[in-house]
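A.B. asks: In terms of my numbering, the sequence shown opens at residue 4 and continues consecutively. Cβ atoms here follow ideal geometry from the backbone N, Cα and C, with glycine treated the same way.
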Amino acid sequence: MSKSKNTVKFICLAGIMAAMYVGLDFLAVSVSAPFGGNLKISLSGLPVIIVSIFAGPLWGAATGFVGAFTGQMITYGMSATTLLWVLPAVVRGLSMGYLFKAFKKSLKPGILTLETCISSLLVTLFNTGAMLVEQKLYGYYQSFYAIYIAIPTRVIAGIVTAVVFSLMLPTIIDTLNKQFIKTI
């Protein structure tokens, strides 16, 4: 297949998945955590991972940027920290794409689980950074220490979500490969 046809397919895939990111992010569940904050559980990272696998890290990062930025604009509008909240989705796209390439595009469940867990840990790290900056700028999130107390719970939630993603991915990848992309 020609490069321009692949590019058109990747643009379409990235656009659809960015829209899915926004929709899935609106369906996220907030759980009140024992440390006094909220824990957000969302499947919005899945579309970014899918694009990263099919089109590579830059397409995944672009999908994450567009999806997260759109969601931020709809929900909160522009602020001094908007790009900090978009950055985790970009990092997910980059990390998942590079990890998928590094592991030779393996679809083995254990490797997919490892890749999604690593990308999830990076997302948690960047989200925590955004929380810390917002706490310093605006006084959000109760206290500086509450953010640190929440880290273990957030890491566990991220890993559980990553495992769920890795269980869903083989079926999604196989279906997209047969019906749409045919690049892996």
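Could you pull the start and end residues of the alpha helix (DSSP H) that residue 7 belongs to?
C.D. replies: As a working mapping, residue 7 is identified with position 4 in the sequence shown. Segment 6-29, the alpha helix (DSSP H) holding residue 7.
A.B. asks: If we count the other Cβ atoms within 10 Å of its Cβ and call it buried at 16 or more, is residue 120 buried or exposed?
C.D. replies: As a position in the sequence shown, residue 120 is number 117, starting the count at 1. Answer is buried; the Cβ neighbour count reaches 16.
A.B. asks: For a test of the three-state rule: what should DSSP assign to residue 42, helix, strand or coil?
C.D. replies: In the sequence shown, counting from the first residue as 1, residue 42 sits at position 39. Residue 42: strand per DSSP, three-state reduction.
A.B. asks: With DSSP as the reference, label residue 109 as helix, strand or coil.
C.D. replies: Here residue 109 is taken as the residue at index 106 of the sequence shown, counted from 1. Three-state result, residue 109: coil.
A.B. asks: Quick check on residue 82: does DSSP put it in helix, strand or coil?
C.D. replies: Reading the sequence shown from its first residue, position 79 is the one you call residue 82. Residue state, collapsed to three classes: coil.
A.B. asks: Report the start-end ranges of each alpha helix (DSSP H) in the segment 53-82 that is 4 residues or longer and not cut off at the edges.
C.D. replies: Fully enclosed alpha helix (DSSP H) runs of 4 or longer: 60-78.
A.B. asks: Taking Cβ positions, are residue 156 and residue 42 nearer each other than 8 angstroms?
C.D. replies: Stepping through the sequence shown from its first residue, residue 156 is reached at position 153. Stepping through the sequence shown from its first residue, residue 42 is reached at position 39. Closer than 8 angstroms, so yes.
A.B. asks: Leaving out five residues on either side along the sequence, give the residues of the same chain with a beta carbon under 6 angstroms from the beta carbon of residue 115.
C.D. replies: For the purposes of this step, residue 115 is taken as residue 112 along the sequence shown, with counting starting at 1. Within the same chain, residue 115 has close Cβ partners 169 and 172.
A.B. asks: Can you tell me which of the three DSSP states residue 98 falls into?
C.D. replies: Taking the first residue of the sequence shown as 1, we reach residue 98 at position 95. Residue 98: helix per DSSP, three-state reduction.
A.B. asks: Less than 6 angstroms between C-beta atoms, sequence neighbours within five positions excluded: which residues of the same chain meet that for residue 95?
C.D. replies: Numbered from its first residue, the sequence shown carries residue 95 at position 92. 48, 51, 67, 122 and 126.
A.B. asks: Are the Cβ atoms of residue 13 and residue 62 separated by less than 8 angstroms?
C.D. replies: Taking the sequence shown and counting its residues from 1, one reaches residue 13 at position 10. Taking the sequence shown and counting its residues from 1, one reaches residue 62 at position 59. Result yes, Cβ atoms of residue 13 and residue 62 sit closer than 8 angstroms.
A.B. asks: Is the CB-CB distance between residue 44 and residue 64 below 8 angstroms?
C.D. replies: For the purposes of this step, residue 44 is taken as residue 41 along the sequence shown, with counting starting at 1. For the purposes of this step, residue 64 is taken as residue 61 along the sequence shown, with counting starting at 1. No, the pair does not count as a contact, with Cβ atoms beyond the cut-off.
A.B. asks: Might you give, ordered along the chain, the residues of its own chain that have their beta carbon closer than 7 angstroms to the beta carbon of residue 162, omitting 5 neighbours on each side?
C.D. replies: Counting from one through the sequence shown, the residue named residue 162 turns up at place 159. The answer, listed in chain order, is 120 and 123.
A.B. asks: Residue 89 to residue 83, Cα distance in whole Å?
C.D. replies: One-based indexing of the sequence shown puts residue 89 at position 86. One-based indexing of the sequence shown puts residue 83 at position 80. Their Cα atoms are separated by approximately 12 angstroms.
A.B. asks: Are residue 113 and residue 92 touching if we call contact CB-CB under 8 angstroms?
C.D. replies: As a working note, residue 113 is residue 110 in the sequence shown. As a working note, residue 92 is residue 89 in the sequence shown. Not in contact: residue 113 and residue 92 (Cβ atoms no closer than 8 angstroms).
A.B. asks: How would you label residue 15, buried or exposed, when you count the other beta carbons within 10 angstroms and need 16 or more for buried?
C.D. replies: Reading the sequence shown from its first residue, position 12 is the one you call residue 15. That one is exposed.
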